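Visitor: Chains as they are written, first to last, in the working numbering: chain A, 1 to 224; chain B, 225 to 461. Just so it is clear, CB atoms sit at the ideal spot from N, CA and C, and this is done for glycine as well. In this text, all values refer to a predicted model and were calculated from it rather than measured experimentally.
1. Mind pulling the chain A residues with CB within less than 8 Å of residue 326/B?
2. Would a C-beta distance cut-off of 8 Å place residue 116/A and residue 10/A closer than the cut-off?
3. What residues of chain B sit near residue 174/A, judged by a beta carbon separation below 7 Å?
4. With H, G and I counted as helix, E and B as strand and the rest as coil, what does DSSP make of residue 290/B?
5. Which residues in chain C have a C-beta closer than 8 Å to the C-beta of residue 349/B? List them in chain order.
6. Spatial neighbours of residue 150/A within its chain, please: CB distance less than 6 Å, with the 5 preceding and 5 following residues excluded, ordered by chain position.
7. If you measure between the beta carbons of residue 226/A and residue 31/A, is that distance less than 8 Å?
8. According to DSSP, is residue 281/B helix, strand or coil?
9. Using the three-state DSSP reduction, which class does residue 107/A fall into: helix, strand or coil?
10. Of all the residues that make up the stretch 53 to 65 of chain A, which are near chain B by a beta-carbon distance shorter than 8 Å?
11. Am I right that residue 423/B and residue 235/B are in contact with their C-beta atoms under 8 Å? What's the rounded C-beta distance?
12. Along chain A, in chain order, which residues have C-beta atoms closer than 8 Å to that of residue 346/B?
13. Helix, strand or coil: which one does DSSP assign to residue 377/B?
14. State buried or exposed for residue 137/A, treating a residue as buried only when at least 16 other CB atoms are found within 10 Å of its CB.
15. Quick one: list the residues of chain B neighbouring residue 34/A, beta-carbon separation under 8 Å, in chain order.
16. Residue 19/A: buried (16+ other C-beta within 10 angstroms of its C-beta) or exposed?
17. Would you say residue 196/A reaches chain B, if we count a Cβ-Cβ gap shorter than 8 Å as a contact?
18. Does the contact criterion of 3 or more C-beta pairs under 8 Å hold for the stretch 40 to 55 of chain A versus the stretch 157 to 166 of chain A?
19. Please report the straight-line C-alpha distance between residue 3/A and residue 334/B, rounded to a whole angstrom.
20. Just to check my reading of the structure: residue 297/B and residue 390/B have Cβ atoms closer than 8 Å, yes? What is that Cβ distance to the nearest angstrom?
21. Alpha carbon to alpha carbon, what distance is there between residue 143/A and residue 128/A?
22. Under 9 Å, CB to CB, which of the residues in the stretch 11 to 28 of chain A have a partner in chain B?
23. What residue from 416/B, 237/B, 448/B and 454/B has the CA that sits closest to residue 395/B's CA?
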């Protein structure tokens with residue numbers, strides 16, 4: 001299956017056609033093409049993200065001024081005022097990291113594909129382990145190739161004027177999770193419920209790791 | 225296209241047999257997703273115009289925030305929360321509203337007009353994602369519960385049937401009608417929810433009690449989580 005062939009499968013991924021993952025599994029060099037697809041998607045998402053932050057920068061107040069005003073306002077909230085000085089001191093780095101707004105820049109061109117590849121590979125490893133525990137018979141390369149295609153719904157985020165979505169990104173994440181469930185079912189030859197638990201367990205562990213990473217990043221960013 | 229229009233008409237008449245025939249077609253989900261997009265953009269464009277208008281003519285922070293705080297205080301007075309907790313909630317909400325107003329009135333690099341227009345455009349572009357974030361996780365959760373309860377419906381078929389709830393939301397632009405916005409919002413949401421419940425129950429093939437469990441369990445779980453979080457806030461206050 002060529003790269004172009006893999007791209008042609010994207011609409012079917014979006015329409016939850018579970019049969020395509022069997023086709024991917026049966027083809028040679030599926031993992032190589034899957035990684036290329038992810039890199040392409042990551043660069044495209046990075047470009048769209050960079051354009052989005054430029055538009056958001058024009059539409060919104062100066063990020064530095066906004067962050068300073070927001071910090072002053074949050075610290076003057078009655079609920080925060082009730083904290084002791086030491087507790088407020090501990091809260092400050094996290095708050096500063098949280099209030100920091102994205103600066104327009106091309107760094108997204110590098111960080112987005114790397115983040116996508118890291119998320120996919122960690123999810124793939126976790127899902128492989130969970131599926132094996134539940135009786136899966138597929139190889140790691142099958143899991144990685146099929147779950148690479150399951151990242152396809154992220155192409156929905158390829159809109160240049162898209163603002164940071166926040167909780168509204170949950171729909172795309174749910175779409176990817178449902179596609180990953182179908183991918184695991186084919187890659188591991190599992191029945192529906194076992195594939196469901198394998199996909200969900202790996203997603204929950206990845207979400208917990210992601211949350212811990214985000215908190216650490218916010219804390220470190222706030223102290224910088 | 226004719227089949228899709230027939231499906232839309234059958235949903236408006238709550239005709240289960242037509243719904244099942246249509247949702248089994250391969251093109252049903254693609255059509256349903258297009259319907260979701262159209263409904264989101266119809267409502268999103270109207271709210272983007274209203275948002276840009278409000279941004280341009282935003283009054284200085286003060287009276288509107290005080291009015292919202294007073295409404296919240298009235299509402300909380302009828303709740304079983306202790307008076308000191310009510311007072312703290314109102315004080316924090318007033319401070320948060322003041323902060324929101326202050327942040328919104330900061331100067332923008334491209335000027336107020338261009339900034340507000342861009343903000344409106346971003347609001348319209350994000351509208352389909354907001355609808356997706358509500359519809360897809362909820363429907364996937366309902367689908368999983370329905371399967372656990374014995375439904376034989378497929379994923380694509382269930383998702384296609386559930387998209388028909390967006391039909392009334394094609395009229396979401398009516399919410400921009402001055403004075404009638406809240407009434408249209410309630411009527412269109414209730415109509416959409418009725419179509420959703422009917423479509424999910426019909427497609428799952430479960431009896432009424434089981435279909436009700438599959439439909440309400442995700443909402444109950446979400447409400448429980450929200451109640452736990454609220455209780456946590458009350459304890460902190």
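Guide: Considering the structure as presented:
1. Start at 1 with the first residue of the second chain, and residue 326/B comes out as number 102. Ordered by position in chain A, the residues that pass the 8 Å Cβ test against residue 326/B are 69 and 73.
2. In the first chain, residue 116/A corresponds to position 116, counting from 1. In the first chain, residue 10/A corresponds to position 10, counting from 1. No; because the gap between Cβ atoms is not below 8 Å, this pair is not in contact.
3. The count along the first chain starts at 1 and reaches residue 174/A at position 174. What residue 174/A touches in chain B: 360, 361 and 364.
4. Translated into the one-based positions of the second chain, residue 290/B becomes position 66. If DSSP states are grouped into helix, strand and coil, residue 290/B belongs with the helices.
5. You won't find chain C in this structure, because its protein chains are A and B.
6. Within the first chain, residue 150/A is the residue found at index 150, counting from 1. 179, 180 and 183.
7. Beyond the ends of chain A as shown, which are 1 and 224, falls residue 226/A; an answer cannot be given.
8. Locating residue 281/B in the second chain gives position 57, counting from the first residue. The answer is coil: DSSP assigns residue 281/B none of H, G, I, E or B.
9. By 1-based counting over the first chain, the position of residue 107/A is 107. The three-state reading of DSSP puts residue 107/A in coil, since its state is none of H, G, I, E or B.
10. Residues 55, 56, 57, 58, 59, 60, 61, 62 and 65.
11. If you number the second chain from 1, residue 423/B lands on position 199. If you number the second chain from 1, residue 235/B lands on position 11. Confirmed, about 7 Å.
12. Numbered from 1 along the second chain, position 122 holds the residue referred to as residue 346/B. 55, 56, 59, 161, 162 and 163, listed in chain order.
13. Along the second chain, one-based indexing puts residue 377/B at 153. If DSSP states are grouped into helix, strand and coil, residue 377/B belongs with coil.
14. Indexing the first chain from 1 puts residue 137/A at position 137. Under this definition residue 137/A is an exposed residue.
15. Counting from 1 along the first chain, the entry for residue 34/A is found at position 34. Within 8 Å Cβ-Cβ: nothing; residue 34/A doesn't reach chain B, min ~22 Å.
16. Position 19 of the first chain holds residue 19/A. Looking at its Cβ environment, which holds fewer than 16 other Cβ atoms inside 10 Å, residue 19/A is exposed.
17. Counting from 1 along the first chain, the entry for residue 196/A is found at position 196. For residue 196/A, the answer is yes, since a Cβ of chain B falls inside 8 Å of its Cβ.
18. By the Cβ rule, the stretch 40 to 55 of chain A counts as touching the stretch 157 to 166 of chain A, because three or more pairs are nearer than 8 Å.
19. Here residue 3/A corresponds to residue number 3 of the first chain, with the count starting at 1. Here residue 334/B corresponds to residue number 110 of the second chain, with the count starting at 1. Distance between the alpha carbons of residue 3/A and residue 334/B is about 42 Å.
20. Indexing the second chain from 1 puts residue 297/B at position 73. Indexing the second chain from 1 puts residue 390/B at position 166. The Cβ separation is near 37 Å, so there is no contact.
21. For this step, residue 128/A is matched to residue 128 along the first chain. For this step, residue 143/A is matched to residue 143 along the first chain. Answer to the nearest angstrom: the Cα atoms are 7 Å apart.
22. 11, 14, 15, 16, 17 and 18
23. For the purposes of this step, residue 395/B is taken as residue 171 along the second chain, with counting starting at 1. It is 416/B whose Cα lies nearest to the Cα of residue 395/B.
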